[in-house]
Amino acid sequence: MRPEGHDVFLCYAWEDKAQADALRGELTALGLRVFQDHDGMRDYDCIPDRIDAALRGSHVLLALYSPAFLASEYCRQELHFALLSSYHLHRSRARVLALTQHLDVEQIRPERLKHWRLPALNQSFDRLAASVAGQVRRLGTQDPRRLGDAPNPPAPKWYPEPMPDVLETYGRELDLWRIHDAFFPDDASDPGGQVVAVTGVGGQGKTQLVRHYARTFADDSPAAVFSMQGFEAHGTGGSGDQAVRRVVETHLARIAGQLLPDGGDPFSVPFEDTVRRLRSHLAHLGQYLWIVDDVPEGISHAGFKSLLAPTSNGRTLLTAGYELRGWVHPDRHLVLPPLERGASMALLTCQWPDGGPKPVAHRLEDLRGERHQYAAARRTVDALGGHPLALALAASLSGSPQDTGIADFIALEKLVTDPDRDALALAEQLRPKLPTDHITGVAATLSRSITALPEEGLDVLLLSSVLGTAPLPAALASLVLAEADGLSRAEADERAQKGFLQTEAGYLSQRYGTATSDLSAAAGLSWSVHPLVNQAVRQSERSPHRRQELRLAAVAAFTREMDDARDSQRYPLLSGHLSHIERLAADMLDIDEWHLLNEAGRLHAELGDSRAALDLYGRLHARCRSRLGDDHLTTLAFQLGLGVAHGLHGDHGTARTLLETTHTALCRRLGAQHPDTLTAWNDLAVVCGAAGDHEHARGIFRSVHETRVRLLGPQHPDTLDALTNYAIHVGRCGDHAEAHELKTGLYRTFRSLYGEAHARTLDALNNLAATTLQLSDPDGARRMLRTVHHTRQRLLGPLPHTADAAENLAAVVEDPDEAADLLTEAYRIRLHTQGPPHPSTLRTLHHLLAALLERDGEQASPLRPGESATVSARFATTEVAETLPAGLTPGQIRLDDEHMDERIAVLEAAVRVYDVRLAALGPDDVATMVAVGHLAHAHAALDQFDGQYEEAWVLIDDATTGLELTLGTGDAATVAADEVRTWIAGLGSGRDTTEADSR
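Quick note on my numbering: the sequence shown kicks off at 110 and runs consecutively.
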């Protein structure tokens, strides 16, 4: 039997206990049964069973609403429970009464309490008690149920797919009511049509809040809850409205396929007819909620209106990272604040201790018993400024010390208050999208959470960062991993599912579907990675080569899927994979992130296999043309990538034709001054310069720069990139004095904007050094190049950019031994990061062999005819030149027949170096063993007949074994030889000769 219960549950802050005592006395005198807790409680203290039972067994909650009440998390939780129970009992707040003290009406939350509040506490207690008693008795007569009798809400009917279960939330109870008040200013049900927006900085919990709202108040949307997402803040291959239109069309088509009686395939009829039928169906469906997550920037009012619920019986709930006050009524525009300290502490400790958390009240009580840990946790909360995503990531870091190196809250405090260089660099990249005073702490948690991931989890994040924001199916990730690594389907499934579970455990992703830790059950699920995490991964220097491998593998997987669906009408391009395809297309349009090397021929923006890339982009471009038309922006995006691929492959005529056609079409579609149009024009200049038409390239780069100055300003990064390209081609046209003046100004500008050690500043100094050398100042060039090399060594470590710097410096130093050491450094870096078959690795090997022969008084085979020697006759150097699409970067390039002359020259140089070493030092000297390794590398790369693999294997196995015995397995020379041995071991066994291992 249920206990008798209470008429009134008195909810108050401890500071108001005197008033609560007086009021309870008056209410009891009037015959009401009143529950009052006499023990003070702190935020998130354990709610004793007797208090919970009393709250559930009461007819009414009476809140003494004062400034102290507002500050009490404990009071807010009780108020939320009572409001929610009253709502589920009556669709009203009739069971929650409020007495106000020392507050203006505007300060009362939720809004509906303003309309039903009782007299203020400054009136006599007998009058207040009489008012309360009258309301309680009227309610008891109408409905004898108590707060604990409220039914649970029904599950929402999600379309087009179920949304993830909402994780435990902290401190957002009243924000749920703010949304509800905005939709329903009074308790009466409204027919629909309202638009409510929740805005705030990235990571503030907007998406989770609106999904929590949809679940909590499912009774308000009995027909359905539609969720539209997948918008890219970075653009999706076209202007804002056009990108929005494509996402909206995709979602409407999927919804039509589920709702219309014969709508199993909405793509089989004209899209306009499908939309018309869907609108008619929605109009008769009943009240529904239409969620639009992350409204993109850069759209017109018409584009904004296209996002709203299609019919008047739908309510629209928006989230955005920027304010929408011009388009949403101020009373329905909610800015989500940071979490308050109590909620922040609860979230920070949700994985403490040791990833096996206790209930929040118990763990905070335990933590207070460890004084120094508690103080560190409090300071960490303050350093993160109540940012929910950062707090969740920090909680995961402290909950897995064996994986993250964060042993306790003291270590966590140090991480967020004393961020390392990577975190500071990430903070600067995120600052435009995350304008908070606590940006460095937020960036520190993001950076450490990403770097602490195992390989599988990092692969998932890298893949998510190159694809769209729509949920990423585990099955799709498996396809890409199988393509990238040559895995069986079962192996790829296991790797993908492990990776998703690892990211989910670290709060870096969220699952769509039923929670499970079983890998086989996870195969059919999808995961969504937070946009801020994706942005952090894109900005990170970790594993750029692997990220490019996965991007190219995704293109291959999508292309093959479309080929397999040749006879089907539901192409991925028009259904669930559209946003991912669009993201790949956007990458190919975004050319200002990557660079092409100078006429020395070193590729700085590194393709994968160039023939395979041409084939992939060619087929994908053809498929887009047939399905979307020649002028569709997605088609033009792939056409741009195809043109650049032809240019890098050396087919400048075809590349120029494709790029000119693309530029003309974009001028017509978007206008000559649109950023995407300027990108295509810039790419055309790249090809012109590569083909030797430097005057024409110079003219285009000058025009691109002038246009960007007008549109973006003189110090915008895109403007400065255009000026850099122009300055390079001024020098290539022979005007070295003007080039020097331009490059000097650029270097000063970059140094002023970014500091001495920034990558852009170092690139500018490198460019200036090349021109300084042309003006017969080798000492000045050496000083500049030495600065670049030392800084990249210190900041980047052994990455390709550092190898570039070492090679450039080697070209100008006077000491032959120093030159050989620098080139050895560059060669070993490239072996590890780019692989033995990569053109840059082989070119560096050629330069190293030439330097060794020059030091020994010999002469290497000459460079190929027409190959530039910018710095000296020994070997060419790097000048950072025009930019390439971000989609065409790190990877391996197949050495096709056109490279045969250079490969022969490398082999001849390797033979001569070996002969010299053998004659001078004998077969057992370390230098001779290293020379054997170089010879094996050159021999295998020649790729003229299968027997060469066996000959190369004998050489490299002998050399590596000798180095292991002489120097040990950890010596740099041994490690480099083993890189070559591992590569040669896989040649001639069904793999292409020049295919690099996945790195």
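In this text, a Cβ means the ideal position worked out from N, Cα and C, and glycines have one as well.
DSSP places Thr-900 in the helix class (H, G or I) of the three-state scheme.
Assignment of Cys-459 by DSSP, reduced to helix, strand and coil, places it in the coil class. The Cβ-Cβ distance between Gly-1042 and Ala-1086 falls below 8 Å.
When DSSP states are grouped into helix, strand and coil, Ser-618 belongs to the strand group. For Tyr-835, the uninterrupted alpha helix (DSSP H) run begins and ends at 826-841, by DSSP.
Per DSSP, Leu-905 lies in no beta strand (DSSP E) segment and is marked neither H nor E. Selection Pro-640, Ala-455, Glu-564 and His-730 evaluated against Arg-651 yields Glu-564 as nearest (Cα-Cα).
Beta-bridge analysis with DSSP links Gly-423 to Tyr-397. Under the 10 Å beta carbon count, Leu-136 is surrounded by 16 or more other beta carbons and is classified as buried. Separation of the CB atoms of Arg-817 and Ala-831 is rounded to 5 Å, and the pair is thereby assigned contact status at 8 Å.
Residue pairing from DSSP places Val-638 in a beta bridge opposite Ser-618.
By the neighbour-count definition (other C-beta atoms within 10 Å, threshold 16), Gly-822 is an exposed residue. Closest in C-alpha terms to Ala-327, from the list Gln-396, Val-1063, Glu-270 and Ala-392, comes Gln-396. Counting of Cβ neighbours within 10 angstroms places Ala-1028 among the exposed residues, the total staying below 16.
If you look at Ala-806, you'll find it in the alpha helix (DSSP H) that goes 803-821. DSSP places Phe-118 inside the beta strand (DSSP E), whose first and last residues are 115-120. If only uninterrupted beta strand (DSSP E) runs of at least 3 residues are considered, those enclosed by the region 273-340 are 304-308 and 333-337. For Ser-167, the enclosing beta strand (DSSP E) starts and ends at 167-174.
The C-beta distance from Ala-1082 to Val-1035 rounds to 7 Å, short enough to meet the 8 Å contact threshold. Assigned with DSSP and collapsed to three states, Ala-800 falls in coil, not helix or strand. If you ignore the 5 residues before and after Cys-733, its C-beta comes within less than 6 Å of the C-beta of Thr-743, Thr-744 and Phe-747, all in its own chain and listed in chain order. About 4 Å separates the CB atoms of Val-638 and Ser-573; that is less than 8 Å, so the two are in contact. Gln-824 sits exposed, since fewer than 16 C-beta atoms from the chains shown fall within 10 Å of its C-beta.
Sequence-distant partners of His-189 (beyond 5 residues in either direction) whose C-beta falls short of 8 Å from its own C-beta, in its chain, are Glu-282, Leu-283, Leu-285 and Trp-286.
Inter-segment contact for the region 250-265 and the region 350-370 is absent: fewer than three beta-carbon pairs are separated by less than 8 Å. A distance of 8 Å or more separates the beta carbons of Thr-428 and Leu-417.
Look at the beta carbons and you see the region 500-509 not touching the region 530-543: under three pairs across the two are nearer than 8 Å.
Its Cα nearest to that of Ala-520, the residue Ala-503 stands out among Leu-535, Leu-443, Ala-503 and Ala-536.
Residue state for Trp-1062 is assigned as helix, using DSSP reduced to three classes. Straight across, the Cα-Cα distance linking Pro-907 with Asp-913 is about 11 Å. Arg-620 places its beta carbon less than 8 Å from that of Glu-613.
Membership of Ala-207 in the beta strand (DSSP E) is indicated by the continuous run 205-209.
Asn-261 counts as exposed, since fewer than 16 other beta carbons sit within 10 angstroms of its beta carbon.
Judged by DSSP secondary structure, Val-444 falls outside any alpha helix (DSSP H) and instead within the beta strand (DSSP E) spanning 442-444. Distance from the Cα of Glu-522 is smallest, within the candidate group Gly-854, Ala-846, Leu-571 and Thr-554, for Thr-554.
A distance of 8 Å or more separates the beta carbons of Ala-890 and Leu-932.
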